[in-house]
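Written out below as structure tokens is the structure these notes cover.
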Amino acid sequence: MSEGLNYKFLVDTFFIALSGVPIALFITIVALLFALPLGFLLALTRINRIPVLHRFAQVYVSFVRGTPIIIQIFIVYSSVPLLLSSLFTKFNIGMNVYDVNPIWYAFIVFTFNTTAVLIEVFRSALSTVNKGQLEAAQSVGLTNVQAYRRIIIPQALVVAMPNICTATVNLIKATSLGYAMSLQEITLKAKVAANVGYNYVEAYIDIFLVYLLLCSAVEFAFKLYEKRLSKYKPSVV
Amino acid sequence: MEKYFDASYIWESIPLLIPFLKMTFMVAGLSVLFGTFLGFILTAAKIGKSKFARKVANGYTTILRCTPSIVLLFLVYYGLPAIGDRVGLNLNNIHTAVFVIITFTLQFAAAMSEVMRSAFQSIDKGQFEAAVSVGLSNSQAYRRIVFPQAFVVALPNFGNSLLAVLQEGSLAYTIGLIDVVGKANLIIAGNYNAHALEIFLALAIIYWILSIAIEQFFLKLEKVFSKGKQGLKTA
Amino acid sequence: ADGNDSDIQKVKIAYDQASKPMSWLDEKGNATGYDVEVMKLVDELLPQYEFEYVGTTSDDLLVGVEQGKYQVGVKNAFWTQERTEKFIFPKEFIGLSSAGLVLKKENEHIKSLSDFASAGFSLAPIAANNAQYTVIDEYNKENPGNKVQLKAGDAFTVDVVQWVNEGRVDGGVIIEGPFEKQVTAEDGPYHNLADEVVYNEFAVIKTWPLFNKKEQEFADAYDQAVKQLKEEKKTSELSTSFYGRDLFEVLDAVER
Amino acid sequence: MLEIRDIHKSFGKTEILKGVDVTIDKGDVVVILGPSGSGKTTLLRCINFLEKADQGRAIFGDIDVNLKTASKKQIHQIRQKIAFVFQNNNLFNNKTALENVTEGLIIGRKIPTAEAVEIGKKALDKVGLSDKYNAYPSELSGGQQQRVGIARAVALNPDIILFDEPTSALDPELVGEVLTVMKNIAKEGTTMLVVTHEMGFAKDVANKVIFMDGGVVVEEGAPHEIFVNPKEERTQKFLKRVLPEDFTYHI
Amino acid sequence: MLEIRDIHKSFGKTEILKGVDVTIDKGDVVVILGPSGSGKTTLLRCINFLEKADQGRAIFGDIDVNLKTASKKQIHQIRQKIAFVFQNNNLFNNKTALENVTEGLIIGRKIPTAEAVEIGKKALDKVGLSDKYNAYPSELSGGQQQRVGIARAVALNPDIILFDEPTSALDPELVGEVLTVMKNIAKEGTTMLVVTHEMGFAKDVANKVIFMDGGVVVEEGAPHEIFVNPKEERTQKFLKRVLPEDFTYHI
Ligand SMILES: Nc1ncnc2c1ncn2[C@@H]1O[C@H](COP(=O)(O)OP(=O)(O)OP(=O)(O)O)[C@@H](O)[C@H]1O
Ligand SMILES: Nc1ncnc2c1ncn2[C@@H]1O[C@H](COP(=O)(O)OP(=O)(O)OP(=O)(O)O)[C@@H](O)[C@H]1O
Ligand SMILES: [Mg+2]
Ligand SMILES: [Mg+2]
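Chains as they are written, first to last, in the numbering used here: chain H, 3 to 239; chain D, 69 to 303; chain B, 9 to 264; chain G, 370 to 620; chain E, 370 to 620.
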């Protein structure tokens with residue numbers, strides 16, 4: 003800092019950091035892909051108080067929300083391979099657990115994490131849909147599944163959208179912890195670049211800019227989509 | 069597996085970790101305190117009449133929402149002294165905790181402003197109207213009728229944000245502030261990086277218990293303050 | 009320092025608080041470790057300075073020293089070209105570090121980085137700001153035909169010895185000191201692995217304190233003090249007590 | 370056509386329906402009256418399996434089901450024959466008026482879309498909403514919404530339509546339009562079971578009035594019998610309370 | 370006692386009130402009728418400064434204020450003299466029935482708590498809620514809630530009470546209880562300005578009926594004049610629509 007910022011480095015590293023965006027997005031998308039349906043189903047188990055599952059979901063949510071994500075990363079990253087390899091040895095599966103790309107662990111951790119968040123999002127969104135909607139659907143001869151698919155979910159989704167957006171933004175930000183698993187994402191790339199000339203301050207500014215751009219773009223996309231989904235609502239804010 | 073995993077490390081490290089919750093609480097507590105205050109100002113800007121203030125407050129929220137905490141922490145920790153340098157202030161001797169608290173205050177305020185705004189807006193305008201119609205002044209109407217109800221609505225989200233600060237506070241370790249996560253790192257370092265899993269499990273247990281306690285506390289709080297509010301059942 | 013006039017200059021010495029036995033914050037909350045103890049002796053020889061030790065992470069240490077938050081940082085730092093642009097390296101190094109590969113017993117024959125590279129082995133990730141990363145990186149640049157698979161990662165999630173033993177990676181870079189205390193020592197947490205993993209030194213490397221660019225004067229004072237300590241064999245004593253071996257004996261063979 | 374026998378239903382420990390029998394013949398318009406909490410809504414909901422009764426039978430032409438143990442298939446079968454108009458209409462918020470009407474036809478009954486749309490449009494025309502096909506519920510007035518609800522029921526061409534206080538959530542001015550629609554449908558010969566507080570409708574349209582209280586049928590008969598000459602004291606008291614003193618006021 | 374002169378109010382570009390005059394004398398019970406959207410609610414809200422009128426005067430004994438430019442102090446002064454009963458009662462959800470009634474007295478008027486509680490209890494007794502002092506709004510039925518709303522207004526001992534469709538959010542059976550309470554208050558000589566669709570109430574209690582449409586007063590007069598012999602075509606049409614055909618039905 004004493005010599006001011008190294009602007010050339012700032013610009014170069016910006017693009018290096020930018021090149022980490024695909025992997026951050028990839029993890030985000032995969033995590034959402036699994037977490038959305040999973041979170042929805044588990045939310046249903048909580049709403050309908052399905053005996054064992056509902057308890058399970060509750061404990062699960064409380065653990066995941068209660069502990070720092072970096073700890074979850076660590077626990078998964080260090081214990082899952084151990085468990086798997088002892089399982090593999092036991093059943094004589096001739097596969098090397100350690101050839102697995104760390105991105106798989108990222109999928110696991112972030113899917114787990116996002117699922118927990120989404121359970122709560124869907125739970126509150128579903129509870130805003132009037133019970134009468136389900137009854138009306140049943141009374142015109144729709145099955146439960148049809149009623150959910152065509153009537154309940156589209157309405158719950160609109161309510162859930164802002165929170166799903168928040169969850170997505172948080173997820174994108176959380177992928178920056180992927181450095182702990184040697185994932186070539188935004189933060190790690192920028193930091194490795196910084197290491198060459200020790201331009202950490204510049205690197206952090208770049209990281210800041212990249213996340214800011216990425217997350218506001220995602221936020222914007224969500225707002226657009228939300229507008230479309232809620233076309234039936236009287237006024238869209 | 070048995071070669072590496074030794075549960076005794078979990079139980080032995082817990083008593084070592086617990087004293088460091090004090091730092092965790094201090095950082096979280098002060099950040100929440102100041103953050104709530106700043107959040108209040110932001111909320112006022114968001115629901116107020118000035119278009120400019122609203123734009124600023126919304127922009128602030130977006131930017132903070134989009135910045136990973138660790139990045140924000142570094143920007144504050146190195147950025148503030150650098151700015152101070154320009155204006156001839158030496159901020160290098162300020163305690164690290166101050167920077168951490170500033171960081172999480174900024175972040176908590178952004179979250180809080182959204183929580184408070186939505187809580188405030190969820191209160192039917194009729195409540196305010198009824199209050200002024202029985203002769204209360206505007207500020208009396210807010211203080212006695214609107215805010216108490218908004219408070220109850222805001223409580224659960226406030227609890228969530230509080231849990232988040234407690235967890236994010238762990239990042240303070242990266243700039244050398246030793247809270248409960250920092251202590252865990254030191255214990256691991258003391259073991260030459262061995263048995264890290266057990267120490268982190270101990271940490272997870274502590275956090276888990278803590279968050280359950282806080283959750284319960286907030287549920288109680290909600291019950292106490294929601295007198296007169298219809299018990300909403302989830303579908 | 010025991011000076012008593014008002015000219016005493018307070019300096020902040022940042023140290024990596026989590027890299028035992030080079031430097032760490034012990035259970036009682038005191039700074040210690042080879043690097044720190046040497047600095048304490050230096051302090052005694054420099055009455056005009058009063059040292060204050062600040063524990064932190066190596067991320068912060070590097071930026072903090074560069075920015076002037078701290079005047080000096082010790083973290084078992086190696087010399088690299090890039091670092092000289094950001095920090096003052098004094099004339100005198102502070103200590104020596106034996107860097108080596110942790111390997112499974114059956115791979116005992118791998119003695120150097122080039123052996124390791126030709127075997128096509130995988131290497132445990134190294135934190136990007138760790139000079140070990142630079143050392144490997146430099147090797148790779150010099151040997152473009154026979155590169156070691158280098159991955160950046162985070163120090164605190166990587167337990168090198170365990171990873172190697174599990175088979176998660178084929179080898180990892182480690183400093184001898186920690187390996188000694190972890191595996192070789194009777195009470196080491198991984199002493200049970202003593203027969204399964206080996207440490208093969210590939211280099212002894214000088215380690216340096218990093219001075220803020222404005223602290224040339226301080227660096228010069230340090231040089232004198234350390235020189236005296238080396239002559240008095242104080243550094244050798246500390247090396248033996250912290251690393252279990254007087255690395256100064258092999259000083260002649262040290263390249264960097 | 371529909372016979373309900375000895376229907377019982379409790380919520381928790383309180384018995385809400387204590388053995389109710391209802392018989393409806395083809396073309397009947399039956400009105401159920403009764404004080405709040407007497408179990409009118411619960412009765413209708415049990416008939417349509419929106420609540421599961423604790424006991425009771427429904428005989429529907431050649432279908433005879435136990436209301437408690439009915440199988441999914443039987444429930445589906447009965448629901449195909451019965452349509453329901455809710456007090457607060459319960460229109461699908463995310464569907465246009467026309468989609469609301471066709472949803473049950475296309476998805477529930479698997480009728481081809483084109484055909485369903487035609488049926489739907491006809492039903493909406495019938496309730497006077499030819500110009501509102503593509504309006505969302507939030508864009509309709511309360512009376513219009515309720516008319517869509519009725520069209521949705523009518524379009525299913527059910528054997529019987531159940532109405533649960535279809536006008537009580539409406540502004541006084543809108544009540545008229547909905548009652549008019551209901552009258553027209555009744556005139557076409559649709560069988561209807563209507564819970565309502567609209568005495569005028571009961572008098573003009575119903576051919577049978579059932580008075581319920583405390584979970585049982587207290588009295589039933591032709592409208593003029595019930596209104597002019599109620600036998601039971603409870604009925605008399607109720608009518609006195611519901612009909613405004615100035616029900617007889619001339620304009 | 371209260372004179373409203375030439376009140377104008379627009380929302381955006383549409384003018385909702387286009388110059389309305391209302392005169393109310395002490396002890397009057399004035400009922401305002403009119404189709405939905407005619408500006409009745411807006412008129413009441415402007416009188417109480419819940420909306421700011423674009424133009425108009427209110428003359429209240431010796432107070433004469435411009436509805437557009439009134440100062441905070443004037444607004445406060447006027448509000449002290451006027452009480453408002455809302456359609457959906459707007460009870461303070463976080464206060465008990467008694468606290469709802471005393472809030473304005475203790476905080477707004479600075480009456481000592483003990484005295485305020487006494488006044489509050491009397492007001493609740495008057496509307497038949499002696500046993501509900503400590504119930505929260507959520508624990509009360511709709512009719513009871515609306516009665517608390519009336520008690521809250523009465524307790525302020527205002528010069529005039531404005532009612533905005535106080536019964537239209539209620540179940541038909543609950544309407545009676547609220548109307549009865551209002552009648553009793555009217556009998557005690559309280560000045561009232563009431564927007565309602567309850568023709569029975571208008572006929573029995575009002576001494577003046579105002580018919581509004583499209584933001585202007587179309588016709589006003591004694592109830593029997595308006596109901597039996599409306600002069601304006603618009604009034605005739607409206608009454609025809611609102612009064613059910615069988616308004617004259619005899620029991
Ligand atoms: N899901 C439920 N759980 C518990 N009690 C219920 C439930 N549904 C209805 N009840 C109770 O059953 C009784 C009858 O309710 P129901 O809605 O059938 O009455 P109703 O005759 O339709 O009254 P209204 O004219 O007010 O609509 C009431 O006392 C009500 O509180
Ligand atoms: N805040 C507002 N913003 C814009 N338009 C409004 C607002 N409040 C009322 N209006 C419009 O003003 C007109 C008159 O409304 P008002 O509520 O005064 O009618 P009303 O006579 O009370 O009708 P109702 O009998 O339905 O209550 C309506 O067309 C309404 O849409
Ligand atoms: Mg009912
Ligand atoms: Mg109105």
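Don't be surprised by glycine CBs; every beta carbon is placed ideally from N, CA and C.
Using a Cβ-Cβ cut-off of less than 9 Å, give me the residues of the region 217-232 of chain B that come near chain H, in sequence order.
If the cut-off is 9 Å between Cβ atoms, the region 217-232 of chain B has N220, K221, K222 near chain H.
How would you write the range of the alpha helix (DSSP H) that H/L12 sits in, first residue to last?
Its alpha helix (DSSP H) spans residues 9-20.
Give every residue of the same chain whose Cβ lies closer than 6 Å to the Cβ of B/A132, excluding the five residues on either side of it in the sequence, and list them in chain order.
Taking B/A132 as the centre and dropping the five residues before and after it, the same chain places the C-beta of V166, V168, W171, V177, G180 closer than 6 Å to its C-beta, in chain order.
Residues of the region 33-47 of chain B whose Cβ lies closer than 8 Å to any Cβ of chain D, in chain order:
From the region 33-47 of chain B, only L33, D34, E35 have a Cβ closer than 8 Å to chain D.
Got a sec? Which residues, its chain only, sit under 6 Å from D/A179 by beta carbon, not counting five neighbours each side?
The residues are S229.
Proximal chain D residues relative to H/P156, where beta-carbon distance stays under 7 Å
Near H/P156 there are no residues of chain D at all, since even the closest Cβ is about 17 Å away, more than 7 Å.
Cβ of D/I213 within 7 Å of any heavy atom in ligand 2?
D/I213: no, Cβ never under 7 Å from ligand 2.
Would B/L109 pass as a contact of B/F97 if the rule is Cβ separation under 8 Å?
No.
Does D/E197 have its Cβ less than 8 Å from a Cβ in chain E?
Interface criterion met: the Cβ of D/E197 is under 8 Å from a Cβ in chain E.
Does the Cβ of G/G545 lie closer than 7 Å to at least one heavy atom of ligand 2?
Result no, Cβ not under 7 Å from ligand 2.
Between which two residues does the alpha helix (DSSP H) harbouring D/V202 extend?
Per DSSP, D/V202 belongs to no alpha helix (DSSP H) and is neither H nor E.
By the 10 Å Cβ neighbour count, where 16 or more other Cβ atoms means buried, how is G/D533 classified, buried or exposed?
So G/D533 ends up on the buried side.
Uninterrupted alpha helix (DSSP H) stretches inside the region 415-496 of chain G (no shorter than 4 residues)
Every alpha helix (DSSP H) of 4 residues or more that sits fully in the region 415-496 of chain G is shown, in chain order, as 441-450, 466-472, 482-495.
Spatial neighbours of B/F187 within its chain, please: C-beta separation below 6 Å, excluding the five flanking residues on both sides.
Excluding residues within five positions, the ones whose Cβ falls inside 6 Å are Y207.
Nonlocal neighbours in the same chain, by C-beta distance under 6 Å from E/R603, ignoring five residues either side
Taken in chain order, the residues that qualify are D582, V587.
DSSP puts G/L386 in a beta bridge; with which residues?
G/L386 pairs with G/K378.
Could you please tell me which residues of the region 173-184 of chain B, in chain order, have their CB closer than 8 Å to any CB of chain H?
Of all residues in the region 173-184 of chain B, E174, G175, R176, V177 have a Cβ within less than 8 Å of some Cβ in chain H.
What does B/K28 touch in chain D if you count any residue whose Cβ is under 8 Å from its own?
In chain order: A257, G258, Y260.
For a contact meaning CB atoms closer than 9 Å, what does H/I73 contact in chain D?
For the C-beta of H/I73, the chain D residues within less than 9 Å are, from N- to C-terminus, Q235, S238, V249, A252, F268, L269, L271, A272, Y275.
So if I threshold CB-CB distances at 9 Å, which residues from the region 11-32 of chain H count as touching chain G?
Those residues of the region 11-32 of chain H placed with their C-beta closer than 9 Å to a C-beta in chain G do not exist.
Contact with chain E by G/S405, beta-carbon distance below 8 Å:
For G/S405, the answer is yes, since a Cβ of chain E falls inside 8 Å of its Cβ.
Along the beta strand (DSSP E) that carries B/D145, what are the first and last residues, could you check?
That residue, B/D145, is in no beta strand (DSSP E); its alpha helix (DSSP H) goes 139-150.
Within a Cβ cutoff of 8 Å, which residues of the same chain sit near D/L223, ignoring the five residues on either side of it in sequence?
Once the five neighbours on either side are set aside, the close Cβ partners of D/L223 are F286, L289, E290, F293.
Any non-hydrogen atom of ligand 3 closer than 7 Å to G/E534 Cβ
In this structure, the C-beta of G/E534 approaches ligand 3 to less than 7 Å from one of its heavy atoms.
Per DSSP, what are the beta-bridge partners of G/M561 in this structure?
Per DSSP, G/V398, G/I530.
How far does the alpha helix (DSSP H) with D/S279 in it extend, from its first residue to its last?
From DSSP, the alpha helix (DSSP H) with D/S279 extends over 264-293.
What is the rounded straight-line gap between the Cα of G/G518 and the Cα of H/L120?
So the alpha carbons of these two residues sit roughly 34 Å apart.
Please list the residues of the region 51-80 of chain B that have a C-beta atom closer than 9 Å to any C-beta atom in chain H, keeping them in chain order.
From the region 51-80 of chain B, only D67, L70, V71, E74, Q75, G76 have a Cβ closer than 9 Å to chain H.
Do H/Q157 and G/N526 have their C-beta atoms within less than 8 Å of each other?
Cβ distance not < 8 Å, so H/Q157 and G/N526 don't count as in contact.
In angstroms, rounded to a whole number, what distance separates the CA positions of H/I72 and H/K193?
Rounded to whole angstroms, the separation of the alpha carbons of H/K193 and H/I72 is 18 Å.
Roughly how many angstroms lie between the CA atoms of E/K609 and E/Q456, to the nearest whole one?
In a straight line, the C-alpha of E/K609 is about 24 Å away from that of E/Q456.
H/T116: CB within 7 Å of a non-hydrogen atom of ligand 5:
The model on display carries ligand 1, ligand 2, ligand 3 and ligand 4 but not ligand 5.
So what does E/M581 bridge to, in DSSP terms?
Note: E/M581 sits in a beta bridge opposite E/V586.
Just curious, the alpha helix (DSSP H) that D/V249 is in, first and last residue?
Taken as a continuous stretch (DSSP letters only), the alpha helix (DSSP H) holding D/V249 covers 248-258.
Is the number of C-beta pairs between the region 105-113 of chain D and the region 162-180 of chain D that are closer than 8 Å three or more?
Yes, they touch.
What I want to know is whether the C-beta of H/I174 ends up closer than 7 Å to one or more non-hydrogen atoms of ligand 2.
Outside the cutoff, so no.
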